[in-house]
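Data first, discussion second: the structure below is written as structure tokens.
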Amino acid sequence: PLPKPKKKFRWFRALWRLTYLSAIGGTGYMCYSIWESKHPVEDQPPPDPSKKTLVVLGTGWGSVSLLKKLDTENYNVVVVSPRNYFLFTPLLPSCTVGTIEHRSIMEPIRNFLRHKKASVRYYEAEATKIDYERRVILINDDSDIKGDVSSTEVPFDMLVIGVGAENATFGIPGVREHGLFLKEVGDAQRIRNRIMDCCETATFKDQTPDEVQRLLHMVVVGGGPTGVEFAGELQDFFNSDLKKWIPDIKEKFRVTLVEALPNVLPMFSKQLIDYTEKTFKEETITIRTKTMVKNVTDKYIEAESTGPDGKKQVEKIPYGLLVWATGNALRPLVADFIKQIPAQKDSRRGLAVNEYLVVKGCENVWAVGDCAVANYAPTAQVASQEGAWLARMFNQMAKTHEIEAELKELSVKQETAPGKEARDAVFTEIKELQKRLRRVKQIGPFEYTHQGSLAYIGSEKAVADISWLSGNIASGGTLTYIFWKSAYINMCFSTRNRILVCIDWAKSSIFGRDVSRV
Ligand code: FAD
Ligand code: NAI
37 PLPKPKKKFR
47 WFRALWRLTY
57 LSAIGGTGYM
67 CYSIWESKHP
77 VEDQPPPDPS
87 KKTLVVLGTG
97 WGSVSLLKKL
107 DTENYNVVVV
117 SPRNYFLFTP
127 LLPSCTVGTI
137 EHRSIMEPIR
147 NFLRHKKASV
157 RYYEAEATKI
167 DYERRVILIN
177 DDSDIKGDVS
187 STEVPFDMLV
197 IGVGAENATF
207 GIPGVREHGL
217 FLKEVGDAQR
227 IRNRIMDCCE
237 TATFKDQTPD
247 EVQRLLHMVV
257 VGGGPTGVEF
267 AGELQDFFNS
277 DLKKWIPDIK
287 EKFRVTLVEA
297 LPNVLPMFSK
307 QLIDYTEKTF
317 KEETITIRTK
327 TMVKNVTDKY
337 IEAESTGPDG
347 KKQVEKIPYG
357 LLVWATGNAL
367 RPLVADFIKQ
377 IPAQKDSRRG
387 LAVNEYLVVK
397 GCENVWAVGD
407 CAVANYAPTA
417 QVASQEGAWL
427 ARMFNQMAKT
437 HEIEAELKEL
447 SVKQETAPGK
457 EARDAVFTEI
467 KELQKRLRRV
477 KQIGPFEYTH
487 QGSLAYIGSE
497 KAVADISWLS
507 GNIASGGTLT
517 YIFWKSAYIN
527 MCFSTRNRIL
537 VCIDWAKSSI
547 FGRDVSRV
């Protein structure tokens, strides 16, 4: 037998064992997840027309977290969305500069649906109208390739609206024509190309100094988390890659963040706002607060601010790249639906829902995420909790219907049962089922649990307001950045996404970001 280790080495040996056992466990789990993701369910039962048709609009945070938890055997599920993938939006700002490649944060909806117990129909289409009276959705194939049929109707018994929101422009002239948004994969690709185009054009032979100045001025409008994260990523890109590969632009490249309110990141605590503003100063990002953009042309924005004398002044700010991140607005589909429902006449920011996420004034219509107004911020966290809660509720509803049908059968059986003994036996069964029914029906209203807010602010620093017990922990810096990274890796949709994002992070830190324009 091996000699017993000395006492002082025992804890070390235990720790070592724990480490390698967790490593083996982790690797095993990862391999299983990869294997599982490649093997869809083979005998998915087809949609059953005798069941109720549940139509889900959208493949974003709200709809996908609903579909993830929904027992699809209970309903005839149909998904309609112009986007045949789920997008992990928290890492989208990193795609604008190539820290992460966009496909690493996309998960095809087909892969995901093929893992459900019962099959789900998916139509790549945009819902153009919800006809509540006729209980049908009008859908349109907006893709480049169209067949003989490119628009049709989908009837529904139950409907979940999870179409998210559009970019708000507040009707400011020129924004849609000249600005770039940051909501979808295409937006991130456009921004990445525009950054490179501006840099290459600024170094074009005999370019005038004023034009160089303009082209290398990157303006971000909106000091919410989208604008702040993008500005941070852009400055990182310049500091670690652009100035190395294009030294000519070194002295002239500037990032400016324009915000109408007195400070950026209004949803974060005061100390984190100050920390972000201080970090931006160190990174040489200019913050222009209390500055409201009123007009956009192809080469400059017109912004109104209050001068030191308290008087309003309008100035022209030339730009090469303009990223517009001023929050959310209603999608036309939602605006049209609001008009159809009298109870929604006062809804301005989205569909008013009750505590069960039912659209007010409707029956069997629910809304989740950014298109619903339930007194929570329009975030992924809220949308995914709403979707998951709704799935639980639908699963319970199906169980309730099942038990109620069984109860109906049993009461007929009880009436026709021969003799007292048989009747008593059925009675006991009924009592048991009624108890189960009461338990199943016990689902409380939706309650949101805020886990905190996180944002990347550049230079490998992040800010976090984390809810802890009944309080709040505010932290900012490099450790918070490590926490930000691990939290987002953990939240990624699939093992495949997690691995790809880690590879991208490693790739960009080893080789630098790619500065080619496609
Ligand atoms: P979305 O996720 O936007 O999904 C909407 C879906 O509906 C899409 O699939 C779309 O294609 C589809 N759709 C659109 N129109 C139609 C139609 N007519 N018919 C059918 N389908 C339609 N939140 C956080 O909590 N943390 C973060 O770190 C964070 N980072 C973000 C970073 C960026 C750059 C952005 C833009 C947002 C970020 N958010 C974050 C906010 C978060 O992404 C949204 O709150 C969330 O996506 C809302 O989910 P949703 O399901 O309502 O809508
Ligand atoms: P936002 O609504 O949070 O911020 C938009 C900002 O633009 C506001 O501060 C507003 O004052 C400003 N603005 C509006 N019009 C303006 C004008 N004309 N000129 C100058 N400034 C103007 O929008 P954002 O950042 O797009 O976020 C949308 C939602 O997504 C929010 O709910 C946010 O919490 C969430 N989100 C969360 C993230 C995170 O948690 N890390 C990251 C990105 C988004």
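Count the sequence shown with this note's numbering and you get residues 37 to 554, in order.
Glycine included, each C-beta is placed from N, C-alpha and C at the ideal position.
Assigned secondary structure, residue i (DSSP; H/G/I helix, E/B strand, else coil)
| i | result |
| --- | --- |
| Ser503 | strand |
| Ala361 | coil |
| Gln349 | strand |
| Thr125 | helix |
| Arg170 | coil |
| Gly64 | helix |
| Val115 | strand |
| Gly268 | helix |
| His253 | strand |
| Thr342 | strand |
| Pro245 | helix |
| Asn120 | coil |
| Met303 | coil |
| Tyr561 | Residue 561 cannot be examined here, being either before or after the span of the chain that is shown, 37 to 554. |
| Leu366 | coil |
| Lys435 | helix |
| Ser69 | helix |
| Arg157 | strand |
| Gly488 | strand |
| Gly405 | helix |
| Thr452 | helix |
| Ile282 | coil |
| Ile525 | helix |
| Ala498 | strand |
| Ser130 | helix |
| Lys560 | The first residue shown for the chain is 37 and the last is 554, placing residue 560 beyond what the model contains. |
| Asn400 | coil |
| Ala542 | helix |
Residue i and residue j closer than 9 Å at C-beta
| i | j | result |
| --- | --- | --- |
| Gln421 | Phe482 | yes |
| Gly134 | Ala408 | no |
| Leu536 | Glu137 | yes |
| Leu90 | Val113 | yes |
| Glu72 | His151 | yes |
| Val256 | Leu278 | no |
| Ala413 | Gly386 | no |
| Tyr524 | Leu127 | yes |
| Leu443 | Leu469 | yes |
| Gly397 | Pro378 | yes |
| Thr132 | Leu218 | yes |
| Val359 | Gly263 | yes |
| Leu293 | Phe274 | no |
| Val551 | Met254 | no |
Residue-chain proximity (residue i, chain C), Cβ-Cβ < 9 Å
| i | result |
| --- | --- |
| Phe547 | Protein chains in the displayed structure number just one, and chain C is not present. |
Proximity test, residue i beta-carbon vs ligand 4 heavy atom, cut-off 8 Å
| i | result |
| --- | --- |
| Pro126 | Because ligand 4 does not appear in the structure shown, any question about it cannot be addressed here, the ligands present being ligand 1 and ligand 2. |
### Task
Spell out a yes or no on whether the segment 100 to 111 and the segment 224 to 242 are touching, meaning 3 or more CB-CB pairs, one atom from each, closer than 8 Å.
no
### Message
With three or more C-beta pairs closer than 8 Å as the rule, is the segment 166 to 177 touching the segment 335 to 352?
### Response
no
### Message
Contact between the segment 515 to 534 and the segment 547 to 554 is defined here as three or more beta-carbon pairs at a separation below 8 Å; is this criterion met?
### Response
Judged by pairs of C-beta atoms under 8 Å, the segment 515 to 534 does not touch the segment 547 to 554, as fewer than three such pairs exist.
### Task
Assess, as a yes-or-no matter, whether the segment 213 to 230 is touched by the segment 432 to 440 under the definition of 3 or more beta carbon pairs within less than 8 Å.
Output reads no: the segment 213 to 230 does not touch the segment 432 to 440.
### Task
Check whether the segment 286 to 294 touches the segment 508 to 516, counting contact only when three or more Cβ pairs, one atom from each stretch, lie closer than 8 Å.
no
### Query
How about the segment 193 to 210 and the segment 343 to 363: do they share at least three Cβ pairs that are nearer than 8 Å?
yes
### Query
In chain order, which continuous runs of the beta strand (DSSP E) of length 3 or greater are located wholly inside the segment 72 to 111?
89 to 93
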